[in-house]
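Numbering (this note's numbering), first residue to last: 104 to 784.
Next comes the structure, spelled out in structure tokens:
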């Protein structure tokens with residue numbers, strides 16, 4: 104008899120040494136662990152709609168979440184690898200080796216990871232693609248050097264829940280089920296051994312602690328299932344979902360078909376803009392376009408999610424949380440990025456999804472929703488009502504008048520508008536310069552669409568309101584007696600439309616309480632310039648830039664990044680551990696870091712090509728752009744300007760990079776509504 108201890112140290116289970124084969128694995132339901140870190144090194148799916156599976160590549164090695172049959176529904180938590188040597192040692196490859204992730208084709212979301220043992224004793228390569236012909240992910244493995252055995256450890260999470268999976272070994276495959284949901288893992292030349300177990304108790308990680316795979320349980324479940332297989336040193340794994348079964352397909356042939364699909368997509372795009380300098384920046388531009396395309400659901404077309412990741416405490420959500428949802432604001436950003444890249448068809452699908460699927464009967468939009476349009480969070484953000492109108496105008500979709508009318512009428516009728524229940528960072532209400540910019544632009548665009556559809560009366564009403572709000576936006580949001588400058592500057596927002604009053608509010612996310620609104624600034628006031636509501640030379644705009652640079656700027660060797668707001672706490676804790684829900688006000692336990700997309704927004708203001716260089720420097724492995732980068736504040740062990748553990752890739756960031764490069768080349772903001780700019784110049 105010998106003991107196996109749960110990694111957390113909370114539970115010890117004593118299990119008998121297993122014979123060559125056993126039936127039901129002990130230890131149900133096992134340990135629930137949250138989804139993997141959100142800083143992905145790769146993200147891929149086959150083009151077309153036949154293969155409804157998406158995969159993520161972990162920065163530290165192996166596959167992270169695999170999504171099926173929708174982009175908002177993870178069906179696997181991880182695929183990781185272990186190796187054993189002649190001395191009876193078994194190690195996780197991502198702990199014993201240095202990991203290098205490369206994009207193997209500049210025009211495809213194809214990836215290879217190379218694991219080199221830290222003393223050079225062995226090397227493992229793992230190449231990842233999706234099968235265009237079926238919902239399956241293929242992993243080609245090659246192990247060389249002083250290693251005798253290779254193990255694949257697969258953690259399914261079928262049906263967008265980490266528990267309740269059952270597993271069995273049958274016909275040379277490891278099969279997992281959760282109700283009607285199913286996955287099948289096979290190897291091209293079969294498994295040497297296979298087992299089913301429960302996470303932290305009878306799984307492969309626990310079994311291999313002594314360097315041997317002793318357990319071969321033929322079944323386990325329901326619970327937190329983990330499936331383990333000993334495979335040959337050269338093999339191709341296939342993880343297939345639904346009714347897709349059968350052995351792993353020929354990897355080279357499948358990889359070529361996968362890459363050919365992406366080649367056809369890239370060939371339809373614009374050429375990388377001349378503003379990009381060098382192949383790495385052109386590669387990031389192509390990858391950004393492909394990341395946006397890959398983030399679209401294949402059943403509910405036009406539904407693009409915010410990120411294929413769940414950062415920090417969101418990784419505990421079961422079912423998965425907000426980054427897997429469709430946000431009207433993010434979808435506007437994605438669609439304008441697609442337009443900049445040359446994929447107007449994708450942008451039109453996004454608009455159709457907004458109006459035909461997401462829009463509510465009253466004309467508003469949910470704060471966020473599943474890809475099928477089911478609302479999740481119930482907040483209301485008025486920029487999310489206005490920006491779909493701006494997108495419709497940019498696309499020349501005057502046929503959407505019925506939807507535009509409902510959205511514009513909602514803005515006019517909403518009590519206290521342009522005051523919004525939530526501004527673009529979700530956690531505050533008030534008079535927000537960014538939200539008001541979207542509302543004004545939305546109404547002016549709606550007026551033009553109304554006129555084109557013969558409704559002169561509505562056009563006049565929309566313009567009258569837009570003009571009133573444009574005339575008063577500084578009255579509501581610019582302070583002349585704030586502590587940061589003797590000259591007027593924009594605030595993040597005001598609670599009462601009175602920016603010279605010391606009205607206080609609580610920041611949230613562990614930030615301070617009772618903060619004078621005149622002490623809270625935010626770079627998003629630049630939306631007033633981007634959308635044509637104010638001139639870039641407006642004195643309040645110019646002075647606020649100086650305030651923002653002083654209060655929120657982060658200087659790095661590659662250029663400037665910015666925090667999203669004063670006192671922001673939406674980021675890692677000071678010790679580097681994850682942001683969490685419900686942290687006490689005034690504790691300052693977490694620190695919001697710097698945002699690459701804000702560098703892109705500044706670049707759209709000054710059209711400075713150096714902003715392209717800075718944004719590109721933030722990309723991690725696989726040309727993935729993060730939500731946030733380290734800013735030199737605790738913990739200081741991370742290099743400033745490099746990705747944090749925030750959502751990576753963030754589709755908004757990739758869309759912003761595409762727009763920035765296109766706009767710098769054009770010498771103007773190409774998505775700026777001309778009807779707005781003409782009216783207020």
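The C-beta atom is built at its ideal place from N, Cα and C for all residues, glycine as well. It should be emphasised that the depicted structure is a prediction, and the values quoted were computed from it without experimental measurement.
query, result
"Other residues of its chain near residue 181: CB distance less than 7 Å, five sequence neighbours each side excluded", "139, 165, 166, 167, 258"
"Cβ-based burial, residue 216 [other Cβ within 10 Å; buried from 16]", "buried"
"Residue 547 (DSSP reduced to helix, strand or coil)", "helix"
"Residue 316 versus 669, 253, 388, residue with shortest Cα-Cα distance", "253"
"Start-to-end residues for the beta strand (DSSP E) that takes in residue 214", "214-220"
"Residues that DSSP places opposite residue 308 in a beta bridge", "Answer is none; residue 308 lacks a bridge partner."
"Straight-line gap, residue 314 to residue 125 (C-alpha atoms, nearest Å)", "19 Å"
"Where residue 617 falls: helix, strand or coil (DSSP)", "coil"
"Residue from 318, 617, 698, 504 whose Cα sits closest to the Cα of residue 657", "698"
"Straight-line gap, residue 613 to residue 265 (C-alpha atoms, nearest Å)", "29 Å"
"Three-way DSSP call (helix, strand, coil) for residue 62 in this model", "Residue coverage of the chain in this structure runs from 104 to 784, which leaves residue 62 outside it and unanswerable."
"When 601, 597, 603 are compared against residue 609, the one with the closest alpha-carbon", "597"
"Per-residue DSSP class, three states only, for residue 296", "strand"
"Element boundaries [beta strand (DSSP E), containing residue 288]", "284-290"
"Status (buried if at least 16 other CB within 10 Å, exposed otherwise) for residue 724", "buried"
"Length at least 3, wholly inside the segment 730-782: the beta strand (DSSP E) runs in chain order", "none"
"Cβ shell of residue 464 (< 6 Å), same chain only, five flanking positions each side left out", "none"
"Residue 622 at chain D interface by Cβ criterion, 8 Å", "Considering every chain present, this structure includes no chain D. It has just one protein chain."
"Whole-angstrom C-beta distance between residue 762 and residue 443, which should lie under 8 Å", "5 Å"
"Residues that residue 698 bridges to, as DSSP identifies them", "665"
"Those residues which DSSP pairs with residue 462 across a bridge", "DSSP output for residue 462 lists no bridge partner at all."
"Cβ-Cβ separation, residue 256 to residue 308 (assumed contact under 8 Å), whole Å", "6 Å"
"Proximal residues to residue 335 (C-beta, below 6 Å), its chain only, five neighbours per side dropped", "292"
"Length of the line joining the Cα atoms of residue 589 and residue 643", "11 Å"
"DSSP state of residue 330 mapped onto helix, strand, coil", "strand"
"Check whether residue 573 and residue 783 have beta carbons under 8 Å apart", "yes"
"CA nearest to the CA of residue 537, picked from 474, 633, 555", "633"
"Under 8 Å between C-beta atoms of residue 406 and residue 159", "no"
"Whole-angstrom distance between residue 327 and residue 302, CA atom to CA atom", "6 Å"
"Option in 153, 533, 163, 418 with minimal Cα separation from residue 580", "533"
"Host alpha helix (DSSP H) of residue 359 (start-end)", "354-370"
"Residue 240 to residue 718 span [Cα, whole Å]", "31 Å"
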